[in-house]
Structure formats: structure tokens, C-alpha cells
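Numbering (our numbering), first residue to last: 91 to 176.
We treat Cβ as the ideally placed atom computed from N, Cα and C, and that holds for glycine.
Predicted, not measured: the structure shown is a model, and the values here were computed from it.
Here the structure comes first, spelled out in C-alpha cells, and everything after it is commentary.
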């Protein structure tokens, strides 16, 4: 796996992945305009509060045998403010 080593917690406009340490696999890849810190805090809050919904991150880390301790985030690519659509 390749990642951008210049991406830090204050980096915004990027593609990032959420990694499951328990199964050593990427469970979610997404683009954001926010900082990686803010998005990570939002994801962790959703997991901690066990909010209902079909959000893949929450669903994965709410499954039996998983916890927020398995949650890892990795910056993959800067997007320089451009918005890509799937």
C-alpha cells in the first residue's frame, strides 16, 4: 500500500482510508475537504455513540469483536481542493 507521508492531522482536501487493525484491511476509503483530524473525531464519535445507520465505518467497528482500539486512519492522497465524484 502506498501513502502520502506529508499528510498530517491538520491536512485538508485529501483522500484517506480507515484501516482495521484487527483484520489488517482497509474498510473505508473516502475524500474530504475537512482536516483528517476533524473527520477522524467524527468517525470515532459515531462509533462510540453506536449511532444507528448504514455508515460502513460504524457498521464495521460495531460488529462483535471490534472496538475503536482497532480503528486506524491513513492519508492516501492530497486532492488540492478539487472535488472528485464517483
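Paired residues, beta bridge with residue i - DSSP
i, result
"residue 115", "110"
"residue 168", "104"
"residue 161", "110"
"residue 131", "Answer is none; residue 131 lacks a bridge partner."
"residue 125", "102"
Assigned exposure category for residue i - 16 Cβ within 10 Å defines buried
i, result
"residue 170", "exposed"
"residue 106", "buried"
"residue 104", "buried"
"residue 148", "buried"
Span of the alpha helix (DSSP H) around residue i
i, result
"residue 144", "Residue 144 -> no alpha helix (DSSP H), and no H or E assigned at all."
Whole-Å CB distance - residue i paired with residue j, under 8 Å assumed
i, j, result
"residue 108", "residue 133", "7 Å"
"residue 126", "residue 145", "Actually they are not in contact, since the Cβ atoms of residue 126 and residue 145 sit about 17 Å apart, beyond 8 Å."
"residue 101", "residue 168", "7 Å"
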